[in-house]
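Peer 1:
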Amino acid sequence: MGTDYLAIDNIKKVISEDIKAERSSEEEGDITKASSLCKAIIGNLKIVSGMDQKYSSKYNDIIKIWEKKIVDMESGARRSSRRPAGDKSGPAKSAPPSGKGNNGLIGKMETEFRGRIEALISKSNVKWSEIGGLDQEKNAIMEAVFFAMATPDVDINIPKLRNILLFGPPGTGKTTIAKAISSNIEATFFNVTLSELLSRYVGDSERLVSALYDTARDMSPSVVFIDEIESLVRKRDDSNRNSTSVLQQFLGQLDGFSTGEDFVLTVAATNTPWELDQAIISRFEKKIYIGLPDEPTRKKILELNTKSKGYQVRVDLGKIAAKTGNFSGRDLYYLCSDAIRNMLRRANNDIIEKLDGSIQNGMKVNYRVWPLEEQDFQDAMSKTKPASDDAMLNQYSSWKSRFASN
Ligand SMILES: Nc1ncnc2c1ncn2[C@@H]1O[C@H](COP(=O)(O)OP(=O)(O)O)[C@@H](O)[C@H]1O
Ligand SMILES: [Mg+2]
Numbered sequence: 047m048g049t050d051y052l053a054i055d056n057i058k059k060v061i062s063e064d065i066k067a068e069r070s071s072e073e074e075g076d077i078t079k080a081s082s083l084c085k086a087i088i089g090n091l092k093i094v095s096g097m098d099q100k101y102s103s104k105y106n107d108i109i110k111i112w113e114k115k116i117v118d119m120e121s122g123a124r125r126s127s128r129r130p131a132g133d134k135s136g137p138a139k140s141a142p143p144s145g146k147g148n149n150g151l152i153g154k155m156e157t158e159f160r161g162r163i164e165a166l167i168s169k170s171n172v173k174w175s176e177i178g179g180l181d182q183e184k185n186a187i188m189e190a191v192f193f194a195m196a197t198p199d200v201d202i203n204i205p206k207l208r209n210i211l212l213f214g215p216p217g218t219g220k221t222t223i224a225k226a227i228s229s230n231i232e233a234t235f236f237n238v239t240l241s242e243l244l245s246r247y248v249g250d251s252e253r254l255v256s257a258l259y260d261t262a263r264d265m266s267p268s269v270v271f272i273d274e275i276e277s278l279v280r281k282r283d284d285s286n287r288n289s290t291s292v293l294q295q296f297l298g299q300l301d302g303f304s305t306g307e308d309f310v311l312t313v314a315a316t317n318t319p320w321e322l323d324q325a326i327i328s329r330f331e332k333k334i335y336i337g338l339p340d341e342p343t344r345k346k347i348l349e350l351n352t353k354s355k356g357y358q359v360r361v362d363l364g365k366i367a368a369k370t371g372n373f374s375g376r377d378l379y380y381l382c383s384d385a386i387r388n389m390l391r392r393a394n395n396d397i398i399e400k401l402d403g404s405i406q407n408g409m410k411v412n413y414r415v416w417p418l419e420e421q422d423f424q425d426a427m428s429k430t431k432p433a434s435d436d437a438m439l440n441q442y443s444s445w446k447s448r449f450a451s452n
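To convert a position in the sequence shown, counted from 1, into our numbering, add 46.
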């Protein structure tokens with residue numbers, strides 16, 4: 047039997063109208079109306095779920111969310127309509143006062159949550175080829191993502207990799223890799239910087255995490271990128287009970303099994319893996335070390351930041367690569383930017399002098415771009431220090447030999 051997509055589309059339109067109406071009645075505190083709209087939404091979702099067999103498990107999950115919403119809403123309404131002892135002002139009204147009522151507040155928060163979650167969705171256009179070296183690491187990640195997203199040609203339940211941890215010195219390309227994943231697959235990408243989420247949404251972050259994963263499942267396939275995952279643990283030392291419950295919420299989500307069609311891949315990154323505790327470490331099936339670039343890779347990264355961007359280079363980049371041990375990809379990027387500035391200064395000395403320090407608004411001045419010379423790099427190198435030192439690198443290698451998958 048074929049699936050009637052036209053009919054399904056029409057019902058979906060009705061559902062989305064109802065969702066809008068439900069949100070606004072919740073905001074107005076009209077729980078009776080909101081809950082009857084929820085019931086209508088559930089009824090229509092059930093129809094769609096029956097019609098669209100392929101995605102019925104996905105719809106059933108969404109139905110559960112709405113059913114839970116009704117229960118939460120109605121118990122909230124009962125609580126706020128309870129009278130304090132000695133109150134003789136007559137029988138409790140069935141609906142709470144509109145506007146400033148407790149439920150209005152919850153309604154507003156839900157709407158706000160949706161906005162906050164949607165704000166985390168991002169799309170990038172980083173290509174794998176823009177990341178120098180790390181061939182094995184890139185392959186391992188692409189393979190995991192491929193098997194997670196693609197469908198096997200026989201009906202068999204293949205275990206999917208759900209959680210990947212990237213760790214290593216700062217500036218080695220962890221965030222860039224996550225961006226490359228997002229731009230190369232047709233998946234919803236959620237970009238979460240944990241320290242930001244914890245500090246900006248104190249008290250709400252736990253609910254935000256569960257809303258995040260609900261949305262990710264809803265918009266499956268999804269990739270949730272959690273940057274600075276160590277801040278989950280770091281904050282636990284403070285009197286911040288908030289992050290303990292956020293941690294619990296996270297661990298639960300990382301454990302979570304998917305139903306049917308849903309797929310959510312969590313990619314987390316950290317510069318300080320030793321701050322993580324066992325509970326988090328054990329959740330990640332794959333822990334991939336993203337290390338400092340070796341000499342050939344450094345040369346490649348130097349090229350990516352100069353030649354590939356259109357600059358002419360009159361210096362042996364291999365020589366620069368040989369002199370930049372302990373430099374990360376970011377350090378090399380800074381080095382190139384600095385060398386480019388040196389060249390620009392060299393090429394445009396006369397113009398800068400003529401400007402006499404004053405640049406007027408909207409002034410059109412052309413400046414010269416010359417080839418990069420050895421001296422530009424020499425000067426830059428004398429000012430650029432790598433972010434990682436040997437002591438730090440030892441710490442990484444011992445953590446790596448204990449935990450890494452690569
Ligand atoms: N392997 C690499 N190839 C090319 N550029 C790199 C590489 N690693 C890092 N970079 C550069 O350094 C910058 C910072 O990298 P990022 O991914 O944010 O590092 P991390 O998340 O590991 O701290 C990137 O924008 C890029 O310019
Ligand atoms: Mg990063």
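Note that the Cβ used here is the ideal one computed from N, Cα and C, for glycine as well.
These numbers were taken from a predicted model, which means no experiment stands behind them.
Please list, in chain order, all residues with a C-beta atom less than 6 Å from at least one heavy atom of ligand 2.
Peer 2: Result: K220, T221, D273 and A315.
Peer 1: What I want to know is whether the C-beta of R414 ends up closer than 7 Å to one or more non-hydrogen atoms of ligand 1.
Peer 2: No - ligand 1 has no heavy atom lying nearer than 7 Å to the Cβ of R414.
Peer 1: Assuming A450 contacts L381 (C-beta within less than 8 Å), just tell me the rounded distance between them.
Peer 2: So it is not a contact: roughly 28 Å between Cβ atoms.
Peer 1: Report yes if the C-beta distance between G375 and T218 is below 8 Å; otherwise report no.
Peer 2: Against a cut-off of 8 Å, the Cβ pair of T218 and G375 comes out as a contact.
Peer 1: For a test of your reading of the model: does the CB of I88 fall under 7 Å from any non-hydrogen atom of ligand 1? Yes or no.
Peer 2: Answer for I88: no, Cβ out of range of ligand 1.
Peer 1: Which residues bound the alpha helix (DSSP H) around K346?
Peer 2: Element bounds for K346: E341 to L350.
Peer 1: Report back the beta-carbon spacing between T234 and I187 to the nearest angstrom; my notes put them in contact at under 8 Å.
Peer 2: Incorrect: roughly 18 Å between the Cβ atoms, too far for contact.
Peer 1: Looking at the structure shown, is D5 part of a helix, part of a strand, or coil, going by DSSP?
Peer 2: It is not possible to answer for residue 5, since the shown part of the chain is limited to 47 through 452.
Peer 1: Run through the DSSP bridge pairs and tell me what T312 is partnered with.
Peer 2: In the DSSP output, where bridge partners are listed per residue, T312 has N209 and V270.
Peer 1: Is the beta carbon of E276 closer than 8 Å to that of T318?
Peer 2: Result yes, Cβ atoms of T318 and E276 sit closer than 8 Å.
Peer 1: Using the C-alpha atoms, what's the distance from K79 back to A138?
Peer 2: Bear in mind that a pLDDT of 36 at A138, under 50, signals an unreliable position, so the model cannot answer this.
Peer 1: Measure the C-alpha to C-alpha separation of I177 and I223 and round it to an integer number of angstroms.
Peer 2: Using only the alpha carbons, I get a separation of about 8 Å.
Peer 1: K206 and A194 - do their beta-carbons sit closer together than 8 Å?
Peer 2: Going by C-beta atoms, A194 is nearer than 8 Å to K206.
Peer 1: Nearest to D308 by alpha carbon, out of K66, A314, D260 and S443?
Peer 2: That would be D260, whose Cα lies nearest to the Cα of D308.
Peer 1: If you draw a straight line from the C-alpha of P339 to the C-alpha of S251, how long is it?
Peer 2: Using only the alpha carbons, I get a separation of about 36 Å.
Peer 1: Nearest-angstrom Cα distance between S383 and Q421?
Peer 2: S383 and Q421: Cα-Cα distance of roughly 14 Å.
Peer 1: How should Y413 be labelled, buried or exposed, when 16 other C-beta atoms within 10 angstroms of its C-beta is the threshold for buried?
Peer 2: Exposed, since its Cβ has fewer than 16 Cβ neighbours within 10 Å.
Peer 1: Have a look at G122 and K92 and give me their C-alpha separation to the nearest angstrom.
Peer 2: Each residue's alpha carbon lies about 25 Å from the other.
Peer 1: Mind checking E242: buried by the 16 CB within 10 Å criterion, or exposed?
Peer 2: It is exposed - the Cβ of E242 has fewer than 16 other Cβ atoms within 10 Å.
Peer 1: Which residues in the same chain have their Cβ closer than 8 Å to the Cβ of I231, if we skip the five residues on either side of it in sequence?
Peer 2: Only V191, M195, P267 and V269 meet the Cβ criterion.
Peer 1: According to DSSP, is N412 helix, strand or coil?
Peer 2: Of the three classes helix, strand and coil, the one that applies to N412 here is coil, per DSSP.
Peer 1: Mind reading off the beta-carbon distance from D377 to A433? Whole number of angstroms is fine, and I expect it under 8 Å.
Peer 2: Yes, D377 and A433 are in contact; Cβ-Cβ is about 6 Å, under 8 Å.
Peer 1: Do F159 and L278 come within 8 Å of each other at the CB atom, strictly closer than that value?
Peer 2: Result no, Cβ atoms of L278 and F159 do not sit closer than 8 Å.
Peer 1: Can L212 and V313 be called in contact, C-beta distance under 8 Å?
Peer 2: Yes; because the gap between Cβ atoms is below 8 Å, this pair is in contact.
Peer 1: Give me the Cβ distance between F423 and A385, rounded to the nearest whole Å; I'm assuming they're in contact under 8 Å.
Peer 2: Rounded, the Cβ-Cβ distance is 5 Å, consistent with contact.
Peer 1: Compute the beta-carbon to beta-carbon distance between L418 and Y357, rounded to the nearest angstrom, for a pair I have assumed lies under 8 Å.
Peer 2: L418 to Y357, Cβ: 6 Å. Contact.
Peer 1: Which same chain residues end up closer than 6 Å to A86 when comparing Cβ atoms and leaving out the 5 residues on each side of it in sequence?
Peer 2: Taken in chain order, the residues that qualify are D64.
Peer 1: Taking the continuous beta strand (DSSP E) assigned at N237, which residues delimit it?
Peer 2: Here the beta strand (DSSP E) through N237 covers T234 to T239.
Peer 1: Contact check, I54 vs M119 under 8 Å by CB: the rounded distance?
Peer 2: Not a contact, Cβ separation roughly 27 Å.
Peer 1: Taking 7 Å as the cut-off, is the CB of E176 close to at least one heavy atom of ligand 1?
Peer 2: Flag set: Cβ of E176 near ligand 1.
Peer 1: Can you list, in chain order, the residues of its chain with a C-beta nearer than 8 Å to that of L151? Leave out the 5 residues immediately preceding and following it.
Peer 2: Here the model assigns L151 a pLDDT of 44, short of 50, so the residue's position is not dependable, and the following value carries that caveat. Here the set comprises nothing.
Peer 1: With the cut-off set at 8 Å, would you say V292 and L322 are in Cβ contact?
Peer 2: For V292 and L322, no; Cβs fall outside 8 Å.
Peer 1: Tell me which residue opens and which closes the beta strand (DSSP E) that Y335 is part of.
Peer 2: Run containing Y335: K332 to Y335, per the beta strand (DSSP E) assignment.
Peer 1: Anyone know if the C-beta pair for F236 and A262 falls short of 8 Å?
Peer 2: Cβ distance < 8 Å, so F236 and A262 count as in contact.
Peer 1: Mind checking whether Y335 and G214 have CB atoms under 8 Å apart?
Peer 2: Result yes, Cβ atoms of Y335 and G214 sit closer than 8 Å.
Peer 1: Along the chain, where does the alpha helix (DSSP H) containing G89 start, and where does it finish?
Peer 2: Element bounds for G89: I77 to M97.
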